[in-house]
Amino acid sequence: MSNMEFEKLLPGDESKISEMSQMASEIVREHYDPILGKEQNDYMLVKFQSVEAIKNQLENGYRYYFAKVDGKNAGFMAFYPRGDAMYLSKLYLYKHERGKGYSKEMLAFLKRNAKAEGLFAVELNVNKRNEALEIYKRLGFEIIRAEKINIGSGYYMDDYVCRLEF
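Residue numbers in the sequence shown follow the working numbering, run continuously in steps of one, and reach 205 at the last position.
Structural data, given as structure tokens:
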């Protein structure tokens, strides 16, 4: 195990919210431009990862965390309770940090948070063409359904909904 630490993003911390937005844009652009195309990805970044979007999400119960290794940002995650599960909205690592077991550590942190609230499942959406789907399956997630979500401006998220019970 590495010495991964999690730093909670607080609603009033403007500089950290800006840092989170910048990091999200960098990671998401690199990962999703080839999957979604630059135009849709640009739209989604503004809608979901801009400073204003993150502020709004924090005000509505999302919990964002920087995932740090040796004091440096390796990635981030965001989640919130939804129904009988903790919904994992975002789990991203910089490309050079992937393949080191960090997603497993991030998932363990998420499960501890879920259990602390009496929840014993994690759910997430993953794009049908995202190779991360295989990683989630290896981590024990099962596809429970497919859904196509209209996110506006003619764009859709074409996803699988995955669930992990523990």
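Just so it is clear, CB atoms sit at the ideal spot from N, CA and C, and this is done for glycine as well.
Since the structure is predicted, the reported quantities are computational estimates derived from the model, not experimental observations.
{"Check": "Extent of the continuous alpha helix (DSSP H) to which residue 68 belongs", "Outcome": "53-75"}
{"Check": "3-residue-minimum beta strand (DSSP E) runs that sit fully inside the segment 79-148, ordered along the chain", "Outcome": "102-108, 111-121 and 124-132"}
{"Check": "Residues near residue 63 by beta carbon distance below 6 Å, same chain, minus five either side", "Outcome": "88"}
{"Check": "Cβ distance (whole Å) where residue 74 is taken to contact residue 166 below 8 Å", "Outcome": "6 Å"}
{"Check": "The segment 174-191 touching the segment 89-98, judged by at least three CB pairs closer than 8 Å", "Outcome": "no"}
{"Check": "Option nearest residue 47 by Cα separation, candidates 68, 91, 174 and 101", "Outcome": "101"}
{"Check": "Distance CB(residue 84)-CB(residue 67) smaller than 8 Å", "Outcome": "yes"}
{"Check": "Cβ-based neighbour list, residue 142, same chain, cut-off 8 Å, excluding 5 preceding and 5 following", "Outcome": "130, 132, 174 and 178"}
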